[in-house]
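Working notes for the structure below.
Shown next, in the form of structure tokens:
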């Protein structure tokens, strides 16, 4: 086969902002958010542009989304802390404790606009949540690993929750892919990934099987995840890293951009920023959005009397130029970012 024929047979072309294979098969559309996250490095400049004290008790924040000029945060209020068993009981390492799950909506000044409780009995711990432009997606679990969860679809205006499905595991965060109509979840400590296909009206699609795979990355435990477009999920979290044999440790923050095709990290960046109180920026919820010069991130790392920290992350023009170009080498076609 000649060079021109090989290119026609196997070249990847860009059409109307999407990626289409010869023969008409369309791949996932590029995502400005994911592209900017992939341009982050340890040398990226993070600038604090706002610190907004919230005017209500937040308890232990879990997930955060920004909808226009307002925010929704999920949070757990612990009434009775869990207690560890001397040895496992029915497969559990602790009891359920007692608590209440909350959803709070607040404005950019930190004023509370609306609130509701969410959950059922011992299933009171909300996790990281996502917003697809229409619905919030919120997991609730027991406050212990390897337990039970309920996943909800929530109206962001009324905060009315509708049960979508139940899971025999502790789901700590979710991200919804609207193109594939699939709700993705991460387990306690993000050691397992799940995928649940849904119908067009947001119910479990029994005609398509659910998936469960082990997380191949052990960098950080995810606290909050969001769908980033182009079959990718953006997660932030922390890991406690031992520093001495005597039990000393430090808390490392970080973010992962995860492929939803093979559940491997596409890009990983440590986040070393801390608040004045010493809280790691990514230890609770986060939200990111695209700006003309890079990214803006929103964080609620502190419990009870929380402050919303807003950071602008500047990226160079060269770093933002992630347009793919087609190369042919030894008869094979490659995709590389422009400039490489």
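Residue numbers (our numbering): 40 to 379.
Glycine included, every Cβ here is placed at the ideal spot set by N, Cα and C.
If residue i sits next to residue j, beta carbons under 8 Å apart, how far is it from one beta carbon to the other, in whole angstroms?
| i | j | result |
| --- | --- | --- |
| residue 306 | residue 77 | 5 Å |
| residue 310 | residue 293 | 6 Å |
| residue 193 | residue 187 | No, residue 193 and residue 187 are not in contact; Cβ-Cβ is about 19 Å, not under 8 Å. |
| residue 154 | residue 143 | 5 Å |
| residue 110 | residue 103 | 6 Å |
| residue 275 | residue 325 | 4 Å |
| residue 108 | residue 147 | 5 Å |
| residue 92 | residue 346 | 5 Å |
| residue 162 | residue 181 | 6 Å |
| residue 299 | residue 216 | 6 Å |
| residue 79 | residue 352 | 7 Å |
Which residue or residues does DSSP assign as beta-bridge partners of residue i?
| i | result |
| --- | --- |
| residue 145 | 110, 151 |
| residue 347 | 91 |
| residue 298 | 271 |
| residue 326 | 337 |
| residue 216 | 221 |
| residue 276 | 261, 293 |
| residue 123 | 133 |
| residue 115 | 99, 140 |
| residue 243 | 237 |
| residue 353 | 84, 333 |
| residue 380 | Nothing about residue 380 can be reported from this structure: the residues present for the chain run from 40 to 379 only. |
| residue 283 | In the DSSP output, where bridge partners are listed per residue, residue 283 has none listed. |
| residue 309 | 293 |
Suppose the cutoff is 7 Å on Cβ atoms and the five residues either side in sequence are ignored; what does the same chain contact list for residue i look like?
| i | result |
| --- | --- |
| residue 64 | Bear in mind that a pLDDT of 39 at residue 64, under 50, signals an unreliable position, so the number given afterwards is only what the model happens to contain. Around residue 64: no qualifying Cβ. |
| residue 322 | 262, 277, 290, 292, 340 |
| residue 260 | 228, 229, 276, 277, 278 |
| residue 122 | 133, 134 |
| residue 284 | none |
Looking at residue i: is its Cβ nearer than 9 Å to the Cβ of residue j?
| i | j | result |
| --- | --- | --- |
| residue 140 | residue 179 | yes |
| residue 241 | residue 174 | yes |
| residue 213 | residue 237 | no |
| residue 177 | residue 113 | yes |
| residue 312 | residue 350 | yes |
| residue 166 | residue 211 | yes |
| residue 354 | residue 83 | yes |
| residue 314 | residue 348 | yes |
| residue 247 | residue 203 | no |
Cutting at 6 Å between CB atoms, please list the residues of its own chain near residue i, excluding the five before and the five after it.
| i | result |
| --- | --- |
| residue 234 | 221, 223, 250 |
| residue 255 | 303 |
| residue 67 | In this prediction, residue 67 has a pLDDT of 45, which is less than 50 and means its spatial position is unreliable; nothing more can be read from the coordinates. |
| residue 205 | 189 |
| residue 327 | 334, 336 |
| residue 344 | none |
| residue 62 | Residue confidence is low: residue 62 scores 37 on pLDDT, short of 50, so the model does not pin down where it sits. Its coordinate-derived value is still stated next. Nothing listed; no residue qualifies. |
| residue 281 | 288 |
| residue 118 | 137, 138 |
Excluding sequence positions up to five away, which residues of its chain have a Cβ less than 8 Å from the Cβ of residue i?
| i | result |
| --- | --- |
| residue 342 | 97, 98, 99, 100, 323 |
| residue 115 | 98, 99, 101, 138, 139, 140, 141, 163, 164, 165, 182 |
| residue 231 | 208, 225, 251, 252, 253, 254 |
Taking 9 Å as the CB-CB limit, is residue i close to chain C?
| i | result |
| --- | --- |
| residue 304 | Of the protein chains in this structure there is only one, and it is not chain C. |
Does at least one heavy atom of the ligand ATP sit under 8 Å from the Cβ of residue i?
| i | result |
| --- | --- |
| residue 228 | Because no ligand of any kind appears in the structure shown, any question about the ligand ATP cannot be addressed here. |
**OP:** Can you check the region 157-241 for any beta strand (DSSP E) of at least 3 residues that lies completely inside it and give the ranges in chain order?
**Re:** The region 157-241 contains these whole beta strand (DSSP E) runs: 175-180, 188-193, 200-206, 210-216, 221-226, 231-236.
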